[in-house]
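Residue numbers (this note's numbering): -7 to 223. All C-beta atoms, glycine included, are put in the ideal place defined by N, C-alpha and C.
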């Protein structure tokens, strides 16, 4: 992997690593740096994480769930929640945790995490997970994806559709389903037999209708609402 994902020919993704174990934090930071990411800060607690993220405005936060002064879920809430205390954060959050417990995984995803990887993964798998998260793909360790998708799809089916929900066209729904499966705009265009620009326009329109900020939020919405279930 020669460079981190970002805009074509643009700068590499800027990352903050949050973990309370210094050796782990330093090792992951070094691996990401060697992979071409720019590690703009590290932190070992909730309070420190919020300060560093507010100061550096990274594209991506790699976050442990268990911190000495609270939970990583609190950090996600401060960045992405309705009562966010760190304004202006538009990046993504990838959880890298020792826990693979269902409750922990679902709590993180519901709070707004874009993905969840367990620390037992190989170093190259962790770097690849960061690489894909930076590209706007929802990433989960083997075994966790089915758990998250099943739970979120079930919740979507159990929730009555709001009459005020925005109406999407048939083609916009097709694009949303492909986004939920993790396809890039270029791959989705090839699958649908349309131009790359056409898919980008559909994504832009869907973002506007759903009042979402970026492709990461769109992927999260699509997974939560069960659009990944379509074959």
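Original post:
Residues bridged to residue 132 by DSSP?
Top reply: Indexing the chain shown from 1 puts residue 132 at position 140. 108, per the DSSP bridge assignment.
Original post:
Of the choices 172, 117, 107, whose alpha-carbon is the least far from that of residue 87?
Top reply: Taking the first residue of the chain shown as 1, we reach residue 87 at position 95. Out of 172, 117, 107, 107 has the C-alpha closest to the C-alpha of residue 87.
Original post:
Going by alpha carbons, who is nearest to residue 90 out of 119, 109, 187?
Top reply: In the chain shown, residue 90 corresponds to position 98, counting from 1. Nearest option by C-alpha distance: 109.
Original post:
Between the stretch 175 to 193 and the stretch 62 to 79, do at least 3 Cβ pairs fall closer than 8 Å?
Top reply: They do not touch, by the three-pair rule.
Original post:
Which residues in the same chain have their Cβ closer than 7 Å to the Cβ of residue 206, if we skip the five residues on either side of it in sequence?
Top reply: Translated into positions along the chain shown, residue 206 becomes position 214. If we look at residue 206 and ignore the five residues flanking it on each side, its Cβ neighbours are 82.
**OP:** Can you tell me which of 208, 92, 7 puts its alpha carbon nearest to the alpha carbon of residue 128?
**Re:** One-based indexing of the chain shown puts residue 128 at position 136. Between residue 128 and the set 208, 92, 7, the nearest pair of CA atoms involves 208.
Subject >> Where residue 17 falls, given that 16 or more other Cβ within 10 Å makes a residue buried >> reply: Position 25 of the chain shown, counting from 1, holds the residue named residue 17. Residue environment for residue 17: buried (at least 16 other C-beta atoms within 10 angstroms of its C-beta).
Original post:
What's the gap between the Cα of residue 173 and the Cα of residue 215?
Top reply: Along the chain shown, one-based indexing puts residue 173 at 181. Along the chain shown, one-based indexing puts residue 215 at 223. Rounded to whole angstroms, residue 173 to residue 215 spans 8 Å at the Cα level.
Original post:
Based on Cα-Cα distance, which residue from 73, 74, 120 lies nearest to residue 25?
Top reply: Position 33 of the chain shown, counting from 1, holds the residue named residue 25. Per the C-alpha coordinates, the member of 73, 74, 120 positioned closest to residue 25 is 120.
**OP:** Over the uninterrupted beta strand (DSSP E) stretch that includes residue 86, give me the two end residues.
**Re:** Along the chain shown, read from residue 1 onward, the residue named residue 86 stands at position 94. Counting along the chain, the beta strand (DSSP E) containing residue 86 begins and ends at 84 to 89.
Original post:
Ends of the alpha helix (DSSP H) at residue 169?
Top reply: Walking along the chain shown from the start, residue 169 turns up at place 177. For residue 169, the enclosing alpha helix (DSSP H) begins and ends at 162 to 172.
Original post:
Cβ atoms of residue 10 and residue 54: under 8 Å apart, would you say?
Top reply: Within the chain shown, the letter at position 62 stands for residue 54. Within the chain shown, the letter at position 18 stands for residue 10. Between residue 54 and residue 10, the C-beta spacing is below 8 Å.
Original post:
Given that a residue counts as buried once 16 or more other Cβ atoms are within 10 Å of its Cβ, and exposed if not, what is residue 123?
Top reply: Taking the chain shown and counting its residues from 1, the one referred to as residue 123 is at position 131. Residue 123 should be labelled buried.
Original post:
In three-state terms, what does DSSP make of residue 39?
Top reply: The residue labelled residue 39 in the question sits at position 47 within the chain shown. Here residue 39 sits in helix by DSSP.
Subject >> Neighbour-count burial assignment, residue 27, 16 or more Cβ in a 10 Å radius >> reply: As a first step, residue 27 must be located in the chain shown, where it is residue number 35. So residue 27 counts as buried.
**OP:** Report yes if the C-beta distance between residue 52 and residue 101 is below 8 Å; otherwise report no.
**Re:** By one-based count along the chain shown, residue 52 stands at place 60. By one-based count along the chain shown, residue 101 stands at place 109. Taking 8 Å as the Cβ cut-off, residue 52 and residue 101 do not qualify as a contacting pair.
Subject >> residue 219 versus residue 167: straight-line alpha-carbon distance, rounded >> reply: For the purposes of this step, residue 219 is taken as residue 227 along the chain shown, with counting starting at 1. For the purposes of this step, residue 167 is taken as residue 175 along the chain shown, with counting starting at 1. When only Cα atoms are considered, residue 219 and residue 167 end up about 10 Å apart.
Original post:
Between which two residues does the beta strand (DSSP E) harbouring residue 57 extend?
Top reply: Locating residue 57 in the chain shown gives position 65, counting from the first residue. No beta strand (DSSP E) contains residue 57, which DSSP labels as neither H nor E.
**OP:** Identify whether residue 125 lies in helix, strand or coil by the three-state DSSP scheme.
**Re:** In the chain shown, the residue the question calls residue 125 occupies position 133. Shown here, residue 125 sits in a helix according to DSSP, grouped into three states.
Original post:
Under the three-state reduction of DSSP, which class applies to residue 226: helix, strand or coil?
Top reply: This structure does not reach residue 226, given that the chain is present from -7 up to 223, and the question cannot be answered.
Original post:
What residues in its chain sit with their C-beta under 7 Å from that of residue 99, if we drop five residues either side in the sequence?
Top reply: Here residue 99 is taken as the residue at index 107 of the chain shown, counted from 1. Cβ neighbours of residue 99 beyond the five flanking positions: 65.
Subject >> Local conformation of residue 77 per DSSP, three classes >> reply: Residue numbering aside, residue 77 sits at position 85 when the chain shown is read from its first letter. DSSP, read as helix, strand or coil, puts residue 77 in coil.
**OP:** Pull up the CB-CB distance for residue 35 and residue 68, whole angstroms please, since I reckon it's below 8 Å.
**Re:** Counting from 1 along the chain shown, the entry for residue 35 is found at position 43. Counting from 1 along the chain shown, the entry for residue 68 is found at position 76. No, residue 35 and residue 68 are not in contact; Cβ-Cβ is about 14 Å, not under 8 Å.
Original post:
In whole angstroms, what separates the C-alpha of residue 70 from that of residue 30?
Top reply: In the chain shown, residue 70 corresponds to position 78, counting from 1. In the chain shown, residue 30 corresponds to position 38, counting from 1. Between residue 70 and residue 30, the C-alpha separation is close to 23 Å.
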